[in-house]
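Structure, as structure tokens:
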Amino acid sequence: MYLSPEAQRLLDDVRRAHETLLAHFGAGDAHRRAFRAVYAVLESALGDVTVGELREPVDGGWSRGQVLVHLAERDEKIEEARERGIEHMIEHGLEHGRDLWLARAPAAGEKSPRRG
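When you read off a place in the sequence shown, starting at 1, and then add 102, the result is the number in the numbering used here.
Have a look at this one:
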């Protein structure tokens, strides 16, 4: 699976934000595994996405890149995690990861991941 340097940089920003949350809250193994799952779904959703696709709006909304910037910036906000719980931050990341996964183009011979 190919990740463009820009996609990798954005994913690294998300990973660093997650590491900050984990360290601040002294999170245990379950939370660490959950954030790894968020990262994994984001990484899979961005596999083989071109830089152009990374910047194009998805379904008339944010681009994939904007979603990653949003996640990184939001997950750096310790106050929100304190108010809503670290589980909320995990759920938020998984929701965006799912949306990005569903937006990806199917590979040749593969059915669209969208449900309809």
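In this text, a Cβ means the ideal position worked out from N, Cα and C, and glycines have one as well.
Can you look up residue i in the DSSP assignment and give me helix, strand or coil?
i: GLY128; result: coil
i: MET103; result: coil
i: ASP150; result: coil
i: GLY187; result: coil
i: GLU193; result: helix
Keeping to the same chain, check which residues put their C-beta closer than 7 Å to that of residue i; ignore five residues upstream and five downstream.
i: HIS198; result: VAL169 and LEU173
i: ALA147; result: GLY199, LEU202, TRP203 and ARG206
For residue i, list the residues DSSP reports as bridge partners.
i: SER165; result: PRO159
Since residue i and residue j are thought to touch, with beta carbons under 8 Å apart, how far apart are those beta carbons, to the nearest angstrom?
i: ALA132; j: VAL160; result: Contact flag wrong, Cβ pair sits at about 30 Å.
i: PHE137; j: HIS126; result: Not really, about 13 Å apart at Cβ, beyond 8 Å.
Give every residue of the same chain whose Cβ lies closer than 6 Å to the Cβ of residue i, excluding the five residues on either side of it in the sequence, and list them in chain order.
i: HIS194; result: none
Within the same chain, show all residues whose beta-carbon is closer than 8 Å to that of residue i, passing over the 5 residues directly before and after it, in chain order.
i: VAL171; result: LEU112 and ASP115
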